[in-house]
Structures are given as C-alpha cells and as structure tokens.
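The listed protein sequences derive, respectively, from chains W and U. Take 616 as the starting number for the first sequence in this note's numbering and just add one per residue. Take 170 as the starting number for the second sequence in this note's numbering and just add one per residue.
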Amino acid sequence: MSIKKLMASVSAMAFVALAGPAQADVKIGVVLALTGPNASLGVPYRKGVELLPKEIGGEKVQLIFLDDASDPSTAVRNAQKLITDDKVDFLIGGSNTPASQAMANVTQREQVQQMSLAPAAHPADKNQWLVAVPQPANLWADALVKDMLKRKIKTVAFIGFSDPWGDICYNALKEVGEKNGLKIVTNERYARADTSVTGQVLKIIAAKPDAVLVGGSGTPGALPHIALAERGYKGPVYATPGIFNKDFLRVGGKSVENVIAVTGPIGAHDQLPAGNPIKKVSEEFIAKYEAINGKGSWNGFAAFSYDGMLVLEEAIKQALKKAKPGTPEFRKAVRDELRNVKELVGTNGVYHFPEGSAYGVDERSVILVQVKNGDWKLVAN
Amino acid sequence: MSIPGGGARGRSMTFDIFVLLVQDAIGTGAIYVLMALGIVLIFNVTRVIFVSYGDLVAYSALTLGAFELNRMPGTVWLVLTLAAMAFVIEAASLIRRQQARQIPKAFVYWGIIPAIPVALTFLIGAENLSLPVSILLTIALVLPLGPLLYRIVFQPIATAPVLVLLMVAVALHFAIAGLALLYFGPEGFRTSAFVSGDVMIGSFGIPQQLILIVGAAAVFSAILFLFFQYSLAGKALRATAINREGARLVGIWTTRAGALAFLLAAGIAGVAGVLISPTTTIYYDTGLIVGLKGFVGSVVGGFVSYPLAAVGAIIIGLIESFGSFYSSALKEAIVFAAIIPIVLWRWLYVSAHDADEHEEE
C-alpha cells in the first residue's frame with residue numbers, strides 16, 4: 616500500500632512538473648486495442664485518430680494513446696488513469712463494444728465526454744457523456760433484411776464470433792428479421808482464432824437455410840465464407856460492416872465472391888453520384904490517410920475514426936470560445952458542443968448526435984455492397 | 170437465452186456429415202500432431218514445455234504469406250536480431266570462461282550460419298518468387314529461430330526446474346507474438362493452395378491438401394519414433410532429458426543436444442506452417458491456441474511417447490470437430506476440459522506402472 620502511495624505521489628509530482636507549460640493544451644485520451652484479437656480494428660482506428668489536426672482554434676492538441684490489449688477491464692483502468700492522472704478533456708475509445716460499454720461507466724461518473732469507435736449505447740438517461748461513431752446494429756440489419764425480403768428469403772442461418780460482436784449481430788438479425796417474418800434457423804459460433812468451422816457450416820447446410828449471415832469482423836470473418844464455399848453452399852451469403860476492408864477480400868479470395876455486405880458510404884465512394892457531399896469528404900480522407908500510410912492503405916475502420924475526428928474538431932473549436940482546456944467547464948462545453956454539431960458530413964454518414972442517444976447517424980450511413988470480381992461494388996437499390 | 174450453437178438441431182447428424190466431420194478432425198488433428206511432436210521432442214531433450222512452439226508455426230505461415238504478397242517478411246529481421254543476441258551472449262560466456270580464442274568459431278556458429286537464409290532472401294528478393302523457392306526460403310528462415318531461441322532464452326537456465334522453464338516459455342510467447350504483430354500486422358494471411366482437387370474414394374472426395382498434411386504428420390511421427398528409439402544420437406538426446414548430469418558424465422554434449430532438439434522442432438514447425446497456411450487463416454497470435462491444443466495432445470502421450478502424442482492430437486481434433494457441430498459456442502471449453510480426464514487417466518497409468526518418469530528434483 617505504501618509503495619502504491621509513493622508511486623502515486625511520484626507520478627503526481629511528475630505530472631505537476633510536466634504540466635506547467637502544457638496546461639493550455641487540449642488533452643485527449645485514446646484507449647484502443649492495439650494488440651490482441653481486436654487489434655485488426657484498433658490499429659486502423661488509431662491511424663484514423665491520428666488525422667486529428669495538431670492544433671485546433673490556436674490551441675495545441677495532445678493525443679495520449681493507451682493500449683487495452685483487447686481486454687475490457689484494462690480499458691476501464693486506462694480510462695480511469697487518463698481521467699485522474701492525465702486530466703484529459705476528452706476520451707476516445709474503445710475499439711470494441713465490450714470495452715466501450717465498460718468505459719462508459721467511468722466517463723459517466725467522471726463527467727468526461729467519451730467517443731466510442733465501436734457501436735455502444737446505454738439506456739437514454741445514461742448516454743449524456745457517450746457517443747458512438749459507427750451505425751447502430753439495427754440500422755444495418757434493416758438494410759440487410761430489406762435485401763433478403765427482396766430476394767424472397769424466408770429462413771436465415773447465422774454464424775458469428777463467440778463474443779459480444781457475435782451477440783450484437785445475432786440479436787440485430789433476430790430483432791429486425793423476425794419483425795419482418797424471417798425465421799432464424801441457426802445460431803452457430805466460432806472463435807476468432809479458430810482454424811476450422813467445418814462443424815458449424817455442416818450444421819448450417821443441414822438446416823437448409825435460404826441465406827446465411829456471417830457475424831464476424833476483419834479477416835477472421837472470412838473463415839465461414841470459405842467453409843460455405845468449400846461445402847458448395849449456393850444461397851446468398853450476407854456479412855456485417857465488420858468485415859469491410861481489403862484484407863477480407865485478400866484472405867477470402869474467390870470464396871467471398873458475391874457476398875453481400877453493408878458499410879458506410881465511403882465503401883463505394885467512387886461509385887456515388889458526383890453531387891453527393893460524402894464523396895468529397897471521402898476523397899479528402901483517402902488523400903490524407905494515404906499520404907501518411909501509403910497508397911491503397913485506406914480502410915473503412917480508419918474512416919469511422921476520421922469522421923469522429925471531424926465531429927470532435929468542430930466541437931473543440933466551439934468549446935474553446937467558452938472555456939479554457941483542462942477545466943471542468945471546458946469538458947462540459949465540449950460535451951454540449953458535440954451535441955450541437957448538426958448535419959456534419961463525414962465519410963460514413965451525416966452526423967448529428969441528439970440528446971439521449973449515443974448514435975448520430977441515420978439511414979444515409981448505410982449502403983449495400985456486393986463483392987464482384989474481387990472488389991466491392993455498390994448494389995443499386 | 171439459450172446457449173448459442175447448441176440445441177436439439179444437433180440430431181440432424183447423417184452419415185455424410187459424420188464422414189465430413191471425421192475428415193475435418195483428421196485435418197486439424199494432423200496439425201496438432203505436428204505440434205505435439207515438436208513439443209514432445211523439445212520436452213524430451215530440454216524439459217522445456219515449449220507452449221510458444223505454435224508461434225514458430227505461425228511465423229512460418231506468415232512468412233510464406235508475406236512472400237506471396239511480394240513483401241519482405243519480418244522474419245528476416247527477427248533472425249538477424251536473434252543471431253546478434255545469441256552471438257553476444259555466447260561471446261560473453263566464452264570470455265567469462267576465459268576461452269576468448271573460441272569467439273571466431275562462435276561467430277560462425279551463431280552469427281554467420283543463421284544469417285545465411287536471410288542473405289539468400291535478400292539476394293533473391295521477395296518479389297515474384299516461384300512457389301517452391303518461397304517454401305524453401307520460408308523453412309530456411311524459420312529453421313534458425315529454434316536454436317537461436319534456445320541459445321538466448323533456455324540454455325542459460327537449462328538446469329532450472331520444469332516449472333521455471335514453463336513460465337519462461339509462456340513469457341517468450343508474448344515476446345515473439347508481439348514481434349509478429351509488429352512485422353506482419355494484425356490481419357491474417359491465407360496462402361493460395363499449392364495442390365487442389367480431391368482424391369475420390371467411392372463417393373467421398375478427400376482433399377489432396379489433407380492427404381499432404383496427414384502424410385507429413387505420419388512421416389515425421391515415424392521418423393522421430395525410429396530416431397529416438399533406435400539411433401545412437403536419438404538415445405543420447407533422450408539420455409540428456411532423463412539425467413543431464415549423467416549424460417554429461419558419459420560424454421554427451423548436453424547443450425548441443427538442446428540446440429539440436431530445437432533445430433529439429435523448428436524444422437517441423439516450418440513444414441507445418443507451410444502445410445497449414447493454405448487451409449486456414451493464420452494471425453500473428455494464432456500460434457498459442459494451436460500450440461496449446463498440440464500440448465493437450467502431447468499430454469496423452471505423457472510427454473514421452475511420439476505415437477501416443479499423435480493419437481492424442483487426433484483425439485483432440487475429433488473432440489473439436491464434433492464439439493463444433495453439437496455446441497459451437499462451447500467448443501474450446503470442451504477441448505480444454507478434456508485435459509482433466511486425460512490427466513486423470515495418465516496419473517492412474519503412471520502410478521500403476523513404475524516411477525521411472527518421475528522428476529529427480
């Protein structure tokens with residue numbers, strides 16, 4: 616205990632010593648999974664966050680990154696540390712739903728605005744300090760179910776991760792699908808690190824579904840698609856926004872041809888009509904991102920965090936007119952201004968976070984895409 | 170809410186599904202066989218329960234994947250760094266023992282020889298390699314990792330208790346998996362199949378890739394069994410494991426035995442990685458879970474018998490395959506819970522026989 620106290624006082628002294636000239640900086644804590652199974656999202660999210668301008672409204676912006684190693688309890692510890700030790704004005708994170716949900720308890724208590732890069736929400740009265748950039752699951756499940764109905768699909772099999780992301784996908788499909796008269800015939804699960812899903816896929820095929828939804832993310836999401844193709848499944852196969860990147864296409868190869876997925880508009884930005892404002896923002900993002908990370912490196916995950924940074928930049932700009940960084944007034948001002956952002960065009964939608972809701976996008980944030988000749992093609996609705 | 174993936178629909182088992190599940194089990198089981206063989210081999214000689222062995226397999230698969238994408242694999246930097254570290258450690262220990270004249274020889278052993286595949290890779294370049302060349306380079310790059318890790322990590326603590334060695338091996342996993350994240354990134358790799366098509370037996374097709382994997386597992390299993398049972402070198406390696414001091418007294422060079430075991434194991438890992446890379450997606454951290462299942466398999470063999478370890482690994486494959494059919498959400502729990510009856514059975518078996526295999530400490 617005494618050692619802990621000593622450490623605390625040493626770090627407090629170090630903080631006082633360091634904090635002198637940096638007092639006026641806008642401090643932003645970022646908690647993401649930079650290692651562990653969720654790193655395939657956390658790493659591109661980080662690169663998107665780094666596109667936040669180094670200076671906003673004449674004030675320097677300082678980003679403090681902490682890795683939660685894909686573990687929600689570490690994410691909570693990191694959030695607490697950033698708030699109490701580093702006195703951040705704003706908290707970005709996490710990169711997966713369990714971490715974001717858990718951190719929200721801390722940010723709610725400490726009254727620090729949190730921006731989750733993964734879908735996350737609490738009941739309306741507990742969302743004052745939480746916003747989430749991506750689309751809520753029901754929004755994209757709606758788009759998928761509409762397409763299923765159009766294809767006269769009656770039964771859908773589900774296979775997804777044996778983790779909260781799998782639960783979110785399954786629950787969204789179940790809720791939206793059953794409302795529209797679809798029957799969900801299987802709820803198969805697999806782990807991200809699994810080397811085979813033959814057992815699950817055989818069970819799906821035995822259930823003879825009209826279509827299959829795969830609730831995975833990143834390259835681990837390709838495994839069921841490959842197994843379904845190997846076993847000669849002929850029906851339409853659907854996927855969630857979690858798999859929208861080039862690595863998924865690389866790993867999936869021919870097996871993911873014709874897969875139907877949902878994503879933000881940036882996914883088909885080159886196929887959007889010229890007047891669409893999202894097209895312009897998407898092109899700006901890609902130019903900025905590739906200037907740093909190399910040609911062809913942009914991805915949908917980094918685009919989400921870029922959108923978050925656009926919203927945040929706007930909120931900070933307005934908040935700086937009201938209060939000085941590092942004060943509770945400033946933290947409150949950032950929160951209020953974030954809710955005041957209206958019709959802000961990003962790469963994945965048009966943002967406005969109404970009070971009481973964690974989400975800030977509408978159906979303009981969802982487009983339907985299909986893999987054709989190894990690339991994503993916009994499905995004409 | 171019911172358990173995902175469970176439920177009464179499991180009754181839809183038919184003969185076709187049964188055969189396919191067995192086939193899947195043999196495919197994954199064969200990978201675990203290769204893992205189990207390497208783990209038993211290393212344990213037999215050095216008493217290290219090398220749980221991070223799977224990481225070598227992952228490195229092999231990722232290296233091949235990088236070659237396929239015309240990228241220089243990060244393995245080259247790992248080998249170079251480890252070679253430099255191994256040489257420094259060796260030189261320091263030579264100086265401490267006042268054998269500084271041996272340093273040039275140590276430089277050749279630990280500095281030059283491991284760097285040969287790296288130099289070859291740079292000479293040939295990573296672009297547009299033909300498949301056989303990239304496979305050979307991959308195995309050649311993974312090969313030095315074994316002895317180098319042994320020299321740096323395990324040789325200095327070779328006489329430590331088994332538990333200490335195990336803890337170090339676990340720690341090592343985090344170090345090399347972390348480096349793999351740095352070198353290969355968080356996304357997975359899956360190479361294109363080098364053989365495709367099925368061999369038809371009656372109305373059932375058996376993928377050629379599966380035959381290749383099972384064949385390799387069987388061949389390695391047999392070779393190791395014969396080597397350790399009948400050859401003098403194999404017996405010397407075993408003697409080192411059973412009694413290090415005694416082996417030293419009868420003239421067996423125990424540190425060289427350890428490096429040799431790690432070299433052989435790294436060779437198996439290299440081949441295993443190449444074989445599984447077209448059959449599944451490999452991530453920077455896949456190694457641990459695959460390695461652990463190989464470990465469970467080798468427990469069946471009591472860490473001494475290669476054929477029993479192979480049988481155990483196939484059993485794990487079967488449990489996993491059928492577990493994923495009947496209750497996919499609980500699959501991992503089923504596999505790792507299987508270790509309890511296996512250990513119980515081993516314990517009864519060992520206590521019914523003799524105390525031969527007891528640790529001397």
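Backbone N, C-alpha and C define an ideal beta-carbon position, used for all residues, glycine too.
For residue i, would you say it is in contact with chain W, using Cβ-to-Cβ distances shorter than 8 Å as the test?
i	result
His527(U)	Note that His527(U) scores a pLDDT of 49, beneath 50, so its modelled location is shaky and nothing firm can be said.
Arg359(U)	yes
Trp190(U)	Note that residue 190(U) is Leu in the sequence shown, not Trp. With 8 Å as the cut-off, Leu190(U) counts as an interface residue toward chain W.
Phe494(U)	yes
Ala478(U)	no
Quick check on DSSP: helix, strand or coil for residue i?
i	result
Pro355(U)	coil
Met336(U)	helix
Tyr495(U)	helix
Leu310(U)	helix
Trp744(W)	coil
Leu817(W)	helix
Thr244(U)	helix
Tyr848(W)	coil
Ala386(U)	helix
Just reading off the beta strand (DSSP E) that residue i is part of, what are its end residues?
i	result
Trp913(W)	No beta strand (DSSP E) contains Trp913(W), which DSSP labels as neither H nor E.
Leu828(W)	Ala826 to Gly830
Phe431(U)	Premise fails: Phe431(U) lies in the alpha helix (DSSP H), Thr423 to Ile445, not in any beta strand (DSSP E).
Ser731(W)	Gln729 to Ser731
Gly775(W)	Thr770 to Phe776
Asp990(W)	Asp990 to Leu993
Counting only C-beta atoms, is residue i closer than 8 Å to chain U at any point?
i	result
Leu1022(W)	With chain W represented from 616 up to 996, any question about residue 1022(W) goes unanswered, as that position is not in the structure.
Leu682(W)	The residue asked about is misnamed: residue 682(W) is Asp in this sequence, not Leu. Closer than 8 Å: no.
Gln815(W)	yes
Arg804(W)	yes
Ala938(W)	no
Asp862(W)	yes
Leu764(W)	no
Leu838(W)	yes
Met616(W)	Low confidence applies to Met616(W): its pLDDT is 46, below 50, so where it sits in the model is not reliable enough to give any reading.
Pro713(W)	no
Lys798(W)	no
Pro779(W)	no
Val812(W)	yes
Lys756(W)	Rather than Lys, the amino acid found at residue 756(W) in this sequence is Ala. Ala756(W) does not count as touching chain U.
Thr942(W)	no
Thr699(W)	no
Val852(W)	no
Val866(W)	yes
By how many angstroms is the C-alpha of residue j removed from the C-alpha of residue i?
i	j	result
Pro510(U)	Ala502(U)	14 Å
His342(U)	Gly890(W)	52 Å
Ala821(W)	Thr183(U)	9 Å
Met730(W)	Tyr352(U)	30 Å
Phe256(U)	Thr290(U)	21 Å
Gly796(W)	Val871(W)	27 Å
Lys932(W)	Gln716(W)	27 Å
Glu237(U)	Thr962(W)	32 Å
His737(W)	Leu249(U)	50 Å
Ala408(U)	Ile421(U)	8 Å
Phe276(U)	Ala261(U)	12 Å
Val787(W)	Val829(W)	Going by the sequence as given, residue 787(W) is Ala instead of Val. Those two C-alpha atoms are separated by around 12 Å.
Lys813(W)	Leu190(U)	The sequence shown places Thr at residue 813(W), not Lys. Distance between the alpha carbons of Thr813(W) and Leu190(U): 7 Å.
His840(W)	Gly850(W)	12 Å
Leu335(U)	Val220(U)	8 Å
List the endpoints of the continuous alpha helix (DSSP H) containing residue i.
i	result
Asn412(U)	Note, Asn412(U): premise wrong, no alpha helix (DSSP H); not H, not E.
Arg946(W)	Pro943 to Asn955
Lys761(W)	Ala752 to Lys765
Tyr805(W)	Here Tyr805(W) belongs to no alpha helix (DSSP H); instead the beta strand (DSSP E) covers Lys798 to Tyr805.
Thr197(U)	Phe184 to Thr215
Among all the DSSP beta bridges, which residues are the ones paired with residue i?
i	result
Gly376(U)	It should be noted that the sequence gives Pro, not Gly, for residue 376(U). Asp367(U).
Leu647(W)	Asp682(W)
Ala876(W)	Ala854(W) and Val984(W)
Lys675(W)	Glu670(W)
Phe705(W)	Ile643(W)
Thr328(U)	Answer is none; Thr328(U) lacks a bridge partner.
Leu959(W)	Tyr966(W)
Thr834(W)	Thr834(W) pairs with nothing; no bridge assigned.
Taking 7 Å as the cut-off, does the CB of residue i come closer than this to any heavy atom belonging to the ligand FMN?
i	result
Ala502(U)	The ligand FMN is not part of this structure, which contains no ligands at all.
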